[in-house]
Each structure stands twice: as C-alpha cells, then as structure tokens.
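Before any comments, here is the structure.
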Amino acid sequence: MSVSLIACYICDSLKAHISQVVDEATFRLLAVFASLAVADEWWRAMSVSTSPHAKFIKRVAPQFYAHDATQCNLSGFFDVPEFKPIADMFRGRMLFTPLNDGLLGISIIPPQEITDHISGGWYHIRSVSDHALYWHYDTAENKIRASEGEPTQFRIGIRNGAPEKTILVGTDRITLYIGSQLYVYEELSGQLKARPGSPGDFRFRELESGNFAMSEDATVVFVDNADSNKRLVGWELSPALSPSPRETTPEHFDSENVSAH
1 MSVSLIACYI CDSLKAHISQ VVDEATFRLL AVFASLAVAD EWWRAMSVST SPHAKFIKRV
61 APQFYAHDAT QCNLSGFFDV PEFKPIADMF RGRMLFTPLN DGLLGISIIP PQEITDHISG
121 GWYHIRSVSD HALYWHYDTA ENKIRASEGE PTQFRIGIRN GAPEKTILVG TDRITLYIGS
181 QLYVYEELSG QLKARPGSPG DFRFRELESG NFAMSEDATV VFVDNADSNK RLVGWELSPA
241 LSPSPRETTP EHFDSENVSA H
C-alpha cells in the first residue's frame, strides 16, 4: 500500500496533498513546508536517516513522493521516536494535518512552476526579482556578466562526493561548471571567471543570499558581506538543456582568455 505526495509551491510556502494511492478515501494529509528550501532540507535528512521507517518514503519528483502508509504514516511524523532528531530540527517549519477521510471531492492544489535542485543538473542562473536577467559567460573577456541576452548553461555539483541527483540544500559546498572542463572561480577581486583545473568553492545558499553581486559594468562578483559599491542580487535556478558535446569542451571557448591557473 503506498501513498502519493503531490506538492506545489505557493507564495513562499510549499503545500502538499498526501493521498493513499490504493485507498483514496483514507490517510489523506495536507503537508505544509515553510519554503521549498525547507522541503528539500527535510528530504535530505530523511534520505540519509538510519531509521528503518525512512526506507518507506521515496521522492519521485519535486511534486511527487511515494510512501508506504502501512509501515510509516506521515501523520505521526513528529511522534515517531526514531524520527525525533529530524522532527526536532523541523518543528515549527513544517506540519502535516489530516484531511477529512471519505470525502473525495477535495480541491487539488494547482501546480505551479518549481525547479528541482539536483546535483549534477544543468541550469540557467537568473535574478529572483528580474527573470529576464541571466548569467552569461563572456568568452572574449573570460568574465561572467548579468545580461538579458542568451543565458549560459551552468552545471552545479556537490563537492563532497555526494551521489549524482542528490537534492541540493543551502549548506552544500558546490562547484559551478561551464561545460565539462571549465570551472567558475573567484579572483582576489571577487570577479567570477572560468578556468580548467581547480574549481571555486561556494555554498549553494550564497546564490540566493546576495553574495553574488553585480558591478557597474554588470560583471558578477562574489562578496562575503554587503558592499555598498555593488548591487546585491538574489539568484535562482531555472532548468536548462544539457549542452551538446562540442559545447562542453574547452575548445568551444576562447582558450586565449581562459586562465589555466
């Protein structure tokens, strides 16, 4: 017997309708997470949990989870002793509330745009407040600029050896790739450039928190703290197609302008 979890991102909260696939009249819940980031953090904690109950919860997609309610009923998540270390971390940031069983005529939460933050995935990086503003890699000058022109595809991977397709959370140390052999790094000035070899070391949460700012010439720079001389911008990911094999090789870029060290 399994349960499906269908979620959507509404405003800043992520709401989820949990229904039992075999018996739609029972075990239906509404899950509410404070944000998509909280939902991803919760799933990361569940996916690495040593609790025997955790194996009965599966994440299929950002808006779909599978769950065996006969083995682990999410309505009792905060009361299961084996989940206490996880539950204590998320108490006050999420909840599960029962829906009235036996009433099938409930309103389905309408789907909304949501990006799955997966290690190893390809993304465009755009401004949270202006979706027309994207990161663009200027091959002639080996700089990353914020532009309303053609966006560049970036691959984002976790640095600590986590498996491919691990869900990204804010504390993850990440590598930003341009193609398969070029890595984004910051110079001493904070300016972002690309090179083969050693990648830069960033935290996933720094994209949204404003650590990647804009200079007057629209180049993207990394700042540790608020800098009045820079325009602080929050960035988010949008899905991008994987580039062609030719586009992922250094030869596709202007090698004379790509730093080799």
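For the sequence shown, position 20 (counting from the first letter as 1) is numbered 20 according to UniProt numbering, and the numbering increases by one without interruption.
For each residue, glycine too, the CB sits at the ideal point set by N, CA and C.
Delimiting residues of the alpha helix (DSSP H) encompassing residue i
i    : result
E41  : L36 to S47
D88  : K84 to F90
S215 : First-last for S215: undefined, no H or E at that position.
Contacting residues, own chain, Cβ-Cβ under 6 Å from residue i (five flanking each side not counted)
i           : result
D116        : P62
residue 264 : Residue 264 lies beyond the residue range present for the chain, which begins at 1 and ends at 261; the question has no answer from this structure.
W43         : R59 and I167
Host beta strand (DSSP E) of residue i (start-end)
i    : result
S239 : The sequence given here has Pro at residue 239, not Ser. Run containing P239: W235 to P239, per the beta strand (DSSP E) assignment.
D224 : Unbroken run through D224: none, as it is neither H nor E.
S127 : G121 to S127
E206 : Unbroken run through E206 is the alpha helix (DSSP H), R205 to S209; no beta strand (DSSP E).
Alpha-carbon to alpha-carbon, residue j and residue i
i    : j    : result
Y183 : R173 : 14 Å
N160 : F202 : 12 Å
A45  : R195 : 34 Å
S198 : P98  : 50 Å
A48  : V220 : For the record, residue 48 in the displayed sequence is Val; it is not Ala. Each residue's alpha carbon lies about 35 Å from the other.
L137 : I86  : Position check: residue 137 holds Tyr in this sequence, whereas Leu was assumed. Taking the straight line from one Cα to the other gives about 40 Å.
R93  : Q181 : 39 Å
S13  : E113 : 13 Å
H67  : I144 : 43 Å
Y177 : R155 : 5 Å
I125 : G76  : 38 Å
A260 : G190 : The pLDDT assigned to A260 is 43, lower than 50, so where the model puts this residue is not dependable; a value taken from the coordinates is nonetheless given after this. Roughly 18 Å separates the two Cα atoms.
F204 : V38  : 14 Å
K84  : L237 : 32 Å
S215 : A54  : 46 Å
F64  : K15  : 12 Å
D88  : P81  : 11 Å
Proximal residues to residue i (C-beta, below 8 Å), its chain only, five neighbours per side dropped
i    : result
P243 : W122, Q153 and G179
E148 : A132, L133 and Y134
G234 : S127, V128, S129, L207, E208, S209 and G210
Y241 : The sequence as given places Leu at residue 241; Tyr does not occur at that position. Answer for L241: W122 and Q153, listed in chain order.
Cβ-Cβ distance between residue i and residue j below 7 Å
i    : j    : result
A218 : K230 : no
F56  : C72  : yes
V32  : L95  : yes
R28  : S19  : yes
V169 : D23  : no
Spatial neighbours of residue i in its chain, beta-carbon cut-off 7 Å, leaving aside the 5 residues before and after
i    : result
E186 : L192, G200 and F222
P239 : T115 and Y123
Exposure of residue i, with buried meaning 16 or more beta-carbon neighbours within 10 Å
i    : result
D79  : exposed
D224 : exposed
S188 : The sequence shown places Leu at residue 188, rather than the Ser named in the question. Under this definition L188 is an exposed residue.
P151 : buried
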